[in-house]
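J.: Residue numbers (the working numbering): 158 to 324. Ideal placement from N, C-alpha and C gives every residue a C-beta, glycine not left out.
1) Over the uninterrupted beta strand (DSSP E) stretch that includes residue 186, give me the two end residues.
2) Can you name the residues that DSSP bridges to residue 229?
3) Count the CB pairs spanning the region 284 to 295 and the region 256 to 268 that are closer than 8 Å, and state whether there are at least three.
4) Could you compute how far the alpha carbon of residue 280 sits from the alpha carbon of residue 230?
5) Quick check on the burial criterion: 16 or more other C-beta atoms within 10 angstroms. Buried or exposed for residue 270?
6) When you compare each of 222, 266, 202 to residue 236 by their alpha carbons, which one comes out closest?
7) Would you report the Cα separation of residue 239 and residue 182, rounded to the nearest angstrom?
8) So residue 218 and residue 252 are in contact, right, with Cβ under 8 Å, and what is the actual spacing, rounded?
9) Going by the CB atoms, is the gap between residue 193 and residue 282 shorter than 8 Å?
Right, here's the structure in full:
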């Protein structure tokens, strides 16, 4: 093998190792949207169907300090008209900061249900409060969803591609 070929092989092997290392130091927390994202990405998840934003704090406590955490939260808070949402977001951000965890927050989805205006407000608030925020509205608008709350497998694959760029 030439030196160039050997160097290229080494670079690709190192890139694969770094990608695998980043994946092992990345966790998923939050609600059912992140349950689907975990299936699409293969990343270890503590996400739970029906989890409200306030539950993310306890999930973060079970994730190692310094880890990157992909969080899906907010959708289950919308039927309550955002009551308690902002304090829960503050608590999640404070816990992540205390544990030196980097958050990538995937924001509440759109829905045809009556609480969609609250989802839009929450998404806008999160875009200001969270450095790495991914709006679910980006994927939802493409029609890759079940019409109620969740994405299709194609939608989760698209969402994972967007989130992966933030890692």
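T.: Quick look at the numbers:
1) 183 to 187
2) 187, 263
3) yes
4) 10 Å
5) exposed
6) 266
7) 32 Å
8) 7 Å
9) no
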